[in-house]
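*Asks:* In the order they appear, the protein sequences are chains Z and Y. Numbering of the first sequence is given in the working numbering, commencing with residue 1 and proceeding in unit increments. Numbering of the second sequence is given in the working numbering, commencing with residue 1001 and proceeding in unit increments. A virtual CB, placed ideally from N, CA and C, is assigned to each residue, including glycine. Please read through the structure below; I'll follow up with questions.
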Amino acid sequence: GQQLNQSPQSMFIQEGEDVSMNCTSSSIFNTWLWYKQDPGEGPVLLIALYKAGELTSNGRLTAQFGITRKDSFLNISASIPSDVGIYFCAGPSGAGSYQLTFGKGTKLSVIP
Amino acid sequence: EAGVVQSPRYKIIEKKQPVAFWCNPISGHNTLYWYLQNLGQGPELLIRYENEEAVDDSQLPKDRFSAERLKGVDSTLKIQPAELGDSAVYLCASSLGGAGQETQYFGPGTRLLVL
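Put into structure tokens, the structure is as follows:
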């Protein structure tokens, strides 16, 4: 089946720094989703991308749908302690958009 | 508006025992999903319901796992008997259903530890 590869696997950054993470696939996706999961909680949708080349922002978060439709990027500017968590990319893997495949996540730690 | 509710939040059982998880989706959401999340992994779909019908259960290990959504609202996922490898987080999610309404909202999950 389709697989999503996320990198880096984990990262430690200083508060105030910008963060970049990406997600790649061996096959084309028509939608890219970015979720954040806090410890002990379920994933929460941050940004949804529906068109190749699309650049979408949500506060300090910006995500891009890669031109090849096989990758996506998530950037966080001016990180703060509450950005700590695991960031997952996901995309529909079935005929319908309901069947999501998730990456393994990027674990972000922010040092105050 | 209340989010997806799951209970219990944590469960510790011995292997070979049965266990059940309960989920109440967001009000009005017709589609309900059960996911399995192993440590260090993303969620993996187990089963999807459209109202009371299980429309995708291809990933559900049917020898020991079962699920129901009898009235098309809340749902129960059961494991009988549980094995050590079943230790994981079981997530429930719901969406409105229908074209353009597929955004999935996740509950907090049930953390299962099988000893």
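Compare the C-alpha of Leu1032 of chain Y against each of Y:Val1114, Y:Pro1008 and Y:Gly1003 and name the closest.
*Replies:* To locate residue 1032 of chain Y, count along the second sequence from 1; it is residue 32. When each option's Cα is compared against that of Leu1032 of chain Y, the closest is Y:Gly1003.
*Asks:* Take Leu1046 of chain Y as the anchor and find which of Z:Val110, Z:Gly105, Z:Leu108 and Z:Leu100 has the nearest alpha-carbon.
*Replies:* Your numbering for residue 1046 of chain Y matches position 46 in the second sequence. Among Z:Val110, Z:Gly105, Z:Leu108 and Z:Leu100, the Cα nearest to that of Leu1046 of chain Y belongs to Z:Leu100.
*Asks:* Give me the Cβ distance between Ile1012 of chain Y and Leu1113 of chain Y, rounded to the nearest whole Å; I'm assuming they're in contact under 8 Å.
*Replies:* Numbered from its first residue, the second sequence carries residue 1012 of chain Y at position 12. Numbered from its first residue, the second sequence carries residue 1113 of chain Y at position 113. Contact flag correct, Cβ pair sits at about 5 Å.
*Asks:* I need the DSSP call for Ser79 of chain Z, collapsed to helix, strand or coil.
*Replies:* Here the question's residue 79 of chain Z lines up with position 79 in the first sequence. In the three-state reduction of the DSSP assignment, Ser79 of chain Z falls in the coil class.
*Asks:* Could you run through the segment 1039–1060 of chain Y and flag, in chain order, every residue whose CB is less than 8 Å away from some CB of chain Z?
*Replies:* In summary, the residues of the segment 1039–1060 of chain Y whose CB is separated from some CB of chain Z by less than 8 Å are Gly1040, Gln1041, Gly1042, Pro1043, Glu1044, Leu1045, Arg1048 and Asp1056, in the order they occur in the chain.
*Asks:* How close, in whole Å, do the beta carbons of Leu4 of chain Z and Ser25 of chain Z come, if the pair is a contact with beta carbons under 8 Å?
*Replies:* Here the question's residue 4 of chain Z lines up with position 4 in the first sequence. Here the question's residue 25 of chain Z lines up with position 25 in the first sequence. Contact holds; Cβ gap of about 5 Å.
*Asks:* Nearest CA to the CA of Arg1009 of chain Y: which residue from Y:Cys1023, Y:Gly1085 and Y:Pro1018?
*Replies:* Within the second sequence, numbered from 1, the residue matching residue 1009 of chain Y stands at position 9. When only C-alpha atoms are compared, the closest one is Y:Cys1023.
*Asks:* Report buried or exposed for Ile47 of chain Z, applying the criterion of at least 16 other Cβ atoms within 10 angstroms of its Cβ.
*Replies:* Indexing the first sequence from 1 puts residue 47 of chain Z at position 47. Ile47 of chain Z comes out buried.
*Asks:* If you draw a straight line from the alpha carbon of Gly1109 of chain Y to that of Gly42 of chain Z, how long is it in whole angstroms?
*Replies:* Numbered from its first residue, the second sequence carries residue 1109 of chain Y at position 109. Numbered from its first residue, the first sequence carries residue 42 of chain Z at position 42. Between Gly1109 of chain Y and Gly42 of chain Z, the C-alpha separation is close to 6 Å.
*Asks:* Quick test of your reading: Glu1053 of chain Y and Asn1030 of chain Y, contact by CB under 8 Å. State the CB separation rounded to the nearest angstrom.
*Replies:* Start at 1 with the first residue of the second sequence, and residue 1053 of chain Y comes out as number 53. Start at 1 with the first residue of the second sequence, and residue 1030 of chain Y comes out as number 30. So it is not a contact: roughly 10 Å between Cβ atoms.
*Asks:* Candidates Z:Gly105, Z:Ser72 and Z:Pro8: which alpha carbon is nearest Gly1042 of chain Y's?
*Replies:* In the second sequence, residue 1042 of chain Y corresponds to position 42, counting from 1. The option with the nearest alpha carbon to Gly1042 of chain Y is Z:Gly105.
*Asks:* So, with DSSP's three-state summary, where would you put Leu1112 of chain Y?
*Replies:* If you number the second sequence from 1, residue 1112 of chain Y lands on position 112. Note: Leu1112 of chain Y maps to strand in three-state DSSP.
*Asks:* Helix or strand or just coil, what does DSSP make of Gly1085 of chain Y?
*Replies:* Counted from its first residue, the second sequence places residue 1085 of chain Y at position 85. Helix, per DSSP.
*Asks:* Which residues does DSSP list as the beta-bridge partners of Thr31 of chain Z?
*Replies:* Counting from 1 along the first sequence, the entry for residue 31 of chain Z is found at position 31. Beta-bridge annotation (DSSP): Thr31 of chain Z is not paired with any residue.
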